[in-house]
Amino acid sequence: MKVGVKYCGGCNPRYDRTSFIDKLKNEVKFDLDIQGASEDNFYDVVLILCGCTSACVNHDNLKGKYGKIVVVSQDNYNKVLDLLNNVNK
């Protein structure tokens with residue numbers, strides 16, 4: 282599964298966004314092709330990893346075949362995991 286990831290600028294991070302991605306890689310039971318998101322590419326899923334609830338990073342031009350999730354805290358982990366697992370069925 283091709284996953285595009287866009288990080289915010291990180292001016293006010295309240296959780297470890299790199300660990301968030303590492304945990305996904307370790308917990309899913311299928312291959313994830315995780316790449317830095319670019320508007321020139323198309324992904325199965327796009328993750329917007331914001332460090333805080335302001336979620337100020339622009340992601341309008343990023344497209345995901347099965348959706349895009351804006352992550353603002355570690356609490357969004359299960360939402361992301363559920364989407365990835367449902368897409369992989």
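If you want our numbering, it's the position in the sequence shown, counting the first as 1, plus 281. For glycine and all other residues, C-beta sits at the position ideal for the given N, C-alpha and C. If you're wondering where the values come from, they're calculated on a predicted model, not measured in any experiment.
Close beta carbons around residue i, own chain, < 6 Å, minus the five adjacent residues each side
i      : result
Val353 : Cys331, Thr334, Ala336
Gly345 : Tyr324, Val326, Val327
Tyr347 : Asp325, Val326, Val368
Asp314 : Lys283
For residue i, the residue or residues it bridges with in DSSP
i      : result
Gln316 : Gly285
Val326 : Val284
Ile350 : Leu328
Top-ranked residue by Cα proximity to residue i, from the options
i      : options                        : result
Glu320 : Asp303, Val286, Gly291         : Val286
Asn359 : Asp312, Asp297, Lys304, Cys289 : Lys304
Cys289 : Asn342, Asn322, Val338         : Val338
Val361 : His340, Tyr296, Ile302, Cys292 : Ile302
Asn371 : Phe311, Tyr296, Asn293, Thr299 : The structure shown does not extend to residue 371, since the chain is modelled only from 282 through 370, so no value can be given for it.
Val363 : Tyr296, Ala318, Glu308         : The amino acid occupying residue 363 in the given sequence is Asp; Val does not appear at that position. Per the Cα distances, Glu308.
Gly317 : Leu343, Gln355, Asn357, Lys370 : Leu343
Beta-carbon proximity list for residue i, same chain, < 7 Å, skipping 5 on both sides
i      : result
Gly291 : Gly332
Integer Cβ distance of residue i from residue j, believed to fall under 8 Å
i      : j      : result
His340 : Ile350 : Not quite, the Cβ-Cβ distance comes to about 10 Å (not below 8 Å), so this is no contact.
Other residues of its chain near residue i: CB distance less than 8 Å, five sequence neighbours each side excluded
i      : result
Lys306 : Leu313, Ile315
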